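Under UniProt numbering, residues 1 to 78 are what the sequence shown spells out, in order.
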Amino acid sequence: MKLEIARGLFLGLALSVTAIAAAAWQEPGPRVLEAHACTAAEPCPTAPLRKQVQPAAKPDANLLVLMFSLSGAMKGEH
């Protein structure tokens, strides 16, 4: 295959991949929110989502022993 043909194919392939990526990249456009569009059942799309509060995990003795043994094995201690 000649070098000019290979360059042309590569350029065409690169341009087509760029065009497909640009078409697939979609950002939401700006829009006006109305007060009656926000209800209790369906909150406003810009409202921050509240995080569910989860209780803190408490490690038990077996997990601590495992962690200490793994850290010792990584140092080369047996």
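The C-beta atom is built at its ideal place from N, Cα and C for all residues, glycine as well.
Predicted model only: the values in this text are computed from it and were never measured.
1) I'd like the list of long-range same chain contacts for histidine 78, defined as Cβ closer than 7 Å, with 5 residues on each side in sequence excluded.
2) From the DSSP output, in three-state form, read off valine 32 for me.
3) How long is the line joining the alpha carbons of glycine 12 and glutamate 27, rounded to whole angstroms?
Walking through what the data contain:
1) Working through the sequence shown from its first residue, we reach residue 78 at position 78. With a pLDDT of 49 at histidine 78, under the threshold of 50, the modelled position of that residue is not reliable, and the figure given next carries that caveat. For histidine 78, where only same-chain residues beyond five positions count, there are no Cβ hits under 7 Å.
2) What you label residue 32 is simply residue 32 of the sequence shown in a count that begins at 1. In this structure, valine 32 counts as coil in the three-state DSSP scheme.
3) Stepping through the sequence shown from its first residue, residue 12 is reached at position 12. Stepping through the sequence shown from its first residue, residue 27 is reached at position 27. Each residue's alpha carbon lies about 26 Å from the other.
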